[in-house]
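Before any comments, here is the structure.
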Amino acid sequence: MRVWANLIPSDQVRARMLPYLAALAVSIAIIAFDFFLPLGVAAGVPYVGLVLIGIWLPSRHHVFILAVIGSVLTIAGYLMSPSGGIYWVVLTNRGLALSVIWVTAILIYLRKGAEEELVTAHQELEKLVNLRSVQLQESENRFHHFIQHAPDAVYVLDVEGNILSANNQACVETGYTQNELLKLSIRDITLNLSAGREKHIDRLRKEGHSTNYRTHRRKDGSTFEVEVRASYSEFGDQKNVITLVRNISERNRANETIRKLSSAVEQNPSMVIITDKDGTIEYVNPKFSELSGYDSQEAIGKKPSLLQSGVTPRETYTEMWATILAGREWRSEVLDKRKDGATFWVSASINAIKNEAGEITHFVSMEEDISERKRAEFEMQEAKEHAEIANRVKTDFLANMSHELRTPLNAIIGYSETLNHEIFGALANEKQKEYVETIYASGNHLLELINDILDVSAIEAGKLELHDTTIQLDKLSNAVMPLVQKRAEYDGVELINEIDHDAPVIRGDELRIKQILVNLLSNAVKFTRLGGTVSLAVDRTDDGCVDIIIRDTGIGMDATDIAKAMEKFGQAERGDLMQSGEGTGLGLPLTKGLIEAHGGKLHIQSKPDKGTIVSVSFPQQRVLN
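Numbering-wise (numbering that gives the first Met the number 0), the sequence shown opens with residue 0 and increments by one.
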């Protein structure tokens, strides 16, 4: 039973088989009918009905199959039917039947072809409509996505200005949600919106679009500048205004910055020259015309070489191009030439301007007129040369005069010392002895002054010669202290030597360093009151230098006194301890010069009535251990 059930055709198959079964049944009926009729009867015409069944067949080609079958049956009926009728009438009858069969078949074929084409066209149309619908939906989705994610705010308004739609950026710019915006009018977010909405709509309808600049207000009350581009849209009964609103606050600020920069360039006191990457001038500021004599039209399109004086070496410009093409700043002082041929000095600075890709597109040159400064430098150089000549003349003069002065001074000092010691007999009275002592002291003072002057002159002229030896500071201190001990005892000042045998060893001119220490210790004793102390110590610094330190409990100095004491022939006022005519006024300047000749430094720390600390710092290069 199950096998027989599988052999039973489905409803769909039965429906497709039905036309064929009908054609078979009709064919059998007609042929049977034809076989029983005599030839004189027009039995071929019914075969047209067989062909008509082709209307219901699925393919139009099956119609010709039915026509062939009908033709075959018509001829078979002619051959197999009982005789009767006139021969030519029978043939005509059968011929007409065959004609009708094929004419019908052709008509049905053409009709079914037109139907199939119509169906095909309908299907293609449906496909096209579906495709267009999909494309339209995709285009609408893309448009909606573009509008929603546009960088500018987009509003759809009715002719009354009510907001019908707004994108995400509109919400970002205003601070409102979309639902809140849909309850507002464009007047609610626009300041100082002029009346006459109808006129504006009429103008939009005629022109199609408009551009305006407005001020919009956010939900929080803050405002921002916008550019509004409006377009009119009319579709059926719908009349809308589509507005594209761009926030131009940043652009306005940028424009203001550009305006300020432009003004700064235009009003810059220096020449500003902008060239392309090949060095052709594209812009010059008014200062350029003022200094060079060339107006902008004369300069633009030319090379900056029109300012070259011919004095600046060619190598300078070769170096300039190598520097700026490498993207580095080039600075130099060059001599330029004006349009009238006059020259002027400028301090030039050239920088490259690069695009976002890091490629050089332009060069900007700023040139400051330094002619006055150069003139002052030349005058200073001339003055310096004259001073050096005068100094050399002074040095030569002092060197010559020292010999001329020392000879009689040595005689005066020697003879006065002889008289004072009464080698050739006693002096007549105390008055004569006083005078001789005065002559001796004055001669020594004058000799000391001459020696100091010569030393200072030698230092200034750079002719001081140092004879470096190895110096043990403990032995040097032991040799120096007795030289000032007598004066210390006389003034009632305690002299303390804190330098022991572990003291550093340095390299220097021993005679000059001894001179430094004697000067500093003598000054310390001289300005320390009775019962005070003067100490000599040494210290190593963290950077490897060696400091010799002289401390006293004397009267001290303020900043003004220190500055005056460092001047040549300058002596600070020291109150009751200042003795008239004592000192040359060259002690500290000479000491400082001798220290600096060794590459060292002199430091003075002092306060009135608090004492003084003087340190002599020798550099690491002169420290041996």
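Ideal placement from N, C-alpha and C gives every residue a C-beta, glycine not left out.
Round the Cβ separation of residue i and residue j to the nearest angstrom and send it over; I've been treating them as touching at under 8 Å.
i    : j    : result
I188 : R228 : That pair is no contact at about 16 Å.
V62  : G53  : 3 Å
K276 : S308 : No, K276 and S308 are not in contact; Cβ-Cβ is about 25 Å, not under 8 Å.
L463 : A351 : With a Cβ gap of about 51 Å, L463 and A351 do not count as contacting.
T559 : G610 : Between G610 and T559 the Cβ distance is about 17 Å, and since that is not below 8 Å, they are no contact.
P303 : S364 : 7 Å
L535 : E497 : 6 Å
D490 : L529 : 7 Å
Pull the bridge partners of residue i from the DSSP assignment, please.
i    : result
M270 : E366
L56  : In DSSP, L56 forms no bridge with anything.
V244 : A152, V227
H215 : T189, F223
G470 : Correcting the residue identity first, residue 470 is Ile in this sequence and not Gly. BP columns for I470 point to I505.
F617 : V545
F287 : Paired residue(s): none; F287 is not in a bridge.
K238 : E233
T210 : R228
V600 : The sequence given here has Lys at residue 600, not Val. Answer is S616.
N496 : L535
Q307 : D335
Using a Cβ-Cβ cut-off of 8 Å (strictly less than) and excluding sequence neighbours within five positions of residue i, which residues of its own chain qualify?
i    : result
D339 : G292
K286 : N267, P268, S269, M270, V271
I146 : V153, N166
P503 : L472, V537, R539, V545, V622, L623, N624
K353 : G326, I359, T360
I470 : V504, I505, R506, G507, E509, I512
S221 : none
V264 : V271, N284
W344 : E332, V333, L334, D335, D368, I369, S370, R372, K373
V524 : V483, R486, A487, D490, V492, L494, V533, D551
T315 : S331, V333
Who are the near neighbours of residue i in its chain, counting only those whose CB is closer than 7 Å to its CB and skipping five residues on each side?
i    : result
T436 : The displayed chain sequence assigns Glu, not Thr, to residue 436. Excluding positions up to five away in sequence, the list reads N419.
L6   : Because L6 carries a pLDDT of 43, less than 50, the predicted location of this residue cannot be relied on, and no value is offered for it.
S288 : D294, S295
D501 : none
R245 : D151, V225, E226
DSSP three-state label for residue i, please.
i    : result
I412 : helix
Y154 : strand
S703 : Given a span of 0 to 624 for the chain in the structure shown, any question on residue 703 remains unanswerable.
R228 : strand
Y282 : strand
G610 : strand
R507 : Here the sequence assigns Gly to residue 507, which means Arg is not the residue at that position. Strand at G507.
K336 : strand
N477 : helix
L181 : coil
G162 : In the sequence on display, residue 162 carries Ile and not Gly. Reduced to three states, the DSSP call for I162 is strand.
A536 : strand
H625 : The first residue shown for the chain is 0 and the last is 624, placing residue 625 beyond what the model contains.
W3   : Residue placement at W3 is poorly supported in this model, since its pLDDT is 42, which falls under 50; the coordinates still yield a value, given next. Helix.
S348 : strand
R372 : helix
T360 : strand
Determine the direct distance from the alpha carbon of residue j to that of residue i, and round the result to whole angstroms.
i    : j    : result
S348 : I273 : 12 Å
M480 : I449 : 25 Å
L601 : I594 : 7 Å
G278 : E172 : 45 Å
G300 : E224 : 39 Å
R629 : Q620 : There is no way to answer for residue 629, as the model of the chain reaches only from 0 to 624.
F142 : A149 : 10 Å
A113 : L124 : 16 Å
L520 : P312 : 57 Å
I495 : Y414 : 37 Å
R1   : R59  : Confidence is the limiting factor: at R1 the pLDDT is only 44, short of 50, which leaves the residue's position unreliable and the question unanswerable from this model.
L445 : N409 : 10 Å
Q296 : L290 : 15 Å
A253 : T210 : 21 Å
P178 : I323 : The residue you asked about is not Pro; residue 178 is Asn in the sequence shown. About 58 Å.
Y434 : A425 : 14 Å
K205 : N161 : 21 Å
I'd like the list of long-range same chain contacts for residue i, defined as Cβ closer than 6 Å, with 5 residues on each side in sequence excluded.
i    : result
R202 : none
D575 : With a pLDDT of 49 at D575, under the threshold of 50, the modelled position of that residue is not reliable, and no figure is offered here.
R550 : S534, I612
S230 : H208, I241
S605 : G555, M556, T611
I'd like to confirm something about residue i: is its beta-carbon nearer than 7 Å to some heavy atom of the ligand ZN, or not?
i    : result
I185 : Summarising the ligand content, the structure contains no ligands, and the ligand ZN is consequently not present.
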